[in-house]
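Chemist: Have a look at the structure that comes next, please.
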Amino acid sequence: GLRRELMPNHVAVIMDGNRRWALERGLPVEQGHRAGGQAMTELTRLCSKWGVKVLTVFAFSTENWIRPKEEVDFLMMLFEEVTKTFSEEGARLNFRLSVIGDKSKLPKSLNQILARAEQALKANSGLHAVIALNYSGRYDILQVCQKVANHVKDGLIQPEDITQSMFEEQLETTGTKYPNPDLLIRTSGEHRISNFMLWQLAYTELYFVEKMFPDFGETDLIEALSSFQQRQRRYGGYKY
Ligand SMILES: CC(C)CCOP(=O)(O)OP(=O)(O)O
Ligand SMILES: [Mg+2]
1 GLRRELMPNH VAVIMDGNRR WALERGLPVE QGHRAGGQAM TELTRLCSKW GVKVLTVFAF
61 STENWIRPKE EVDFLMMLFE EVTKTFSEEG ARLNFRLSVI GDKSKLPKSL NQILARAEQA
121 LKANSGLHAV IALNYSGRYD ILQVCQKVAN HVKDGLIQPE DITQSMFEEQ LETTGTKYPN
181 PDLLIRTSGE HRISNFMLWQ LAYTELYFVE KMFPDFGETD LIEALSSFQQ RQRRYGGYKY
């Protein structure tokens with residue numbers, strides 16, 4: 001059984017397979033994304049129940065813009081709907097919310113809803129949900145490089161002041177108490193990182209499942225958590 005003291009503090013999820021889930025059932029793609037949205041809302045409840053502190057979900061990558069316009073527009077509308085539900089749920093279950101990614105390309109209405117939800121939940125101390133929207137690991141690392149280069153140019157710091165911890169503090173995940181995921185789950189049988197949090201995933205345990213994301217439920221989460229608890233993380237060293 002699961003041991004509370006071995007729970008991962010930070011779980012990251014690449015929620016993949018919504019479209020295939022719909023196609024397998026002869027449903028429109030939008031139904032797959034809607035089912036994925038429901039699975040995500042349920043996943044935040046489950047992570048809170050099992051004592052996970054931070055849950056980061058990859059909801060839209062910089063590469064997803066190449067999809068048909070109607071699918072992208074639907075997803076943007078769905079993100080507004082899911083954020084509103086999450087915000088009500090979060091008020092009840094003491095959740096926090098952070099959004100990471102390049103928000104400048106998101107619709108204004110979505111940004112307003114996201115900012116309102118982040119603000120409403122800011123003081124909460126329960127599960128911290130992080131939604132990655134128009135995010136990519138390379139974008140995150142590059143935006144830190146630009147900030148740091150400007151600080152050097154302005155004479156505020158010297159190159160030797162650029163340390164791992166100083167760099168890490170300027171990544172978009174810095175707002176969370178546990179910026180580096182302990183466990184990454186990817187659904188739908190793909191074994192790729194897909195330009196998710198590249199710096200933060202350096203020592204993360206990777207866990208892949210065949211199931212499409214809409215079907216990922218409590219038993220699947222428990223299996224992922226128990227797999228994590230059976231692994232021995234050596235961080236380059238060894239115990240025996
Ligand atoms: C936007 C993202 C969360 C959607 C994940 O599912 P997907 O549309 O990539 O599904 P497929 O991998 O089956 O195409
Ligand atoms: Mg996919």
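My numbering numbers the first residue of the sequence shown as 1 and each following residue consecutively. All C-beta atoms in this analysis are idealised placements derived from N, C-alpha and C, irrespective of residue type, glycine included. Since the structure is predicted, the reported quantities are computational estimates derived from the model, not experimental observations.
1. Contact check, residue 41 vs residue 134 under 8 Å by CB: the rounded distance?
2. Distance check for residue 169 and residue 243, CA to CA, integer angstroms please.
3. At a cut of 8 Å, does the segment 146–158 reach the segment 63–79 through at least three beta carbon pairs?
4. Compute the Euclidean distance between the alpha carbons of residue 67 and residue 171, then round it to the nearest angstrom.
5. Could you name the residues of the same chain whose beta carbon sits closer than 6 Å to that of residue 228, not counting the 5 residues immediately before and after it, in chain order?
6. Using 8 Å as the cut-off, can you tell me whether the segment 105–119 makes contact with the segment 81–96, which would need three or more C-beta pairs spanning the two stretches below that distance?
7. Can you determine whether any heavy atom of ligand 1 sits closer than 8 Å to the C-beta of residue 16, and answer yes or no?
8. Terminal residues of the continuous beta strand (DSSP E) containing residue 22?
9. Indicate, with yes or no, if ligand 2 has a heavy atom lying under 8 Å from the CB of residue 188.
10. Relative to the C-alpha of residue 230, which candidate in 18, 222, 16 has its C-alpha closest?
Modeler: According to the structure data:
1. For the purposes of this step, residue 41 is taken as the residue at position 41 of the sequence shown. For the purposes of this step, residue 134 is taken as the residue at position 134 of the sequence shown. The Cβ separation is near 20 Å, so there is no contact.
2. Residue 243 cannot be examined here, being either before or after the span of the chain that is shown, 1 to 240.
3. With a cut-off of 8 Å, the segment 63–79 and the segment 146–158 do not count as touching, because too few Cβ pairs lie within range.
4. Position 67 of the sequence shown, counted from the start, is the residue given in the question as residue 67. Position 171 of the sequence shown, counted from the start, is the residue given in the question as residue 171. For residue 67 and residue 171, the distance between alpha carbons rounds to 27 Å.
5. Position 228 of the sequence shown, counted from the start, is the residue given in the question as residue 228. Closer than 6 Å at the Cβ level, and outside the excluded window around residue 228, lie 8, 183, 205.
6. The segment 105–119 is in contact with the segment 81–96.
7. The sequence position of residue 16 within the sequence shown is 16, counting from 1. Shortest gap from the CB of residue 16 to any heavy atom of ligand 1: under 8 Å.
8. The count along the sequence shown starts at 1 and reaches residue 22 at position 22. Careful: residue 22 lies outside any beta strand (DSSP E), inside the alpha helix (DSSP H) at 18–24.
9. Translated into positions along the sequence shown, residue 188 becomes position 188. Within the cutoff, so yes.
10. Locating residue 230 in the sequence shown gives position 230, where the first residue counts as 1. Nearest C-alpha to residue 230: 222.
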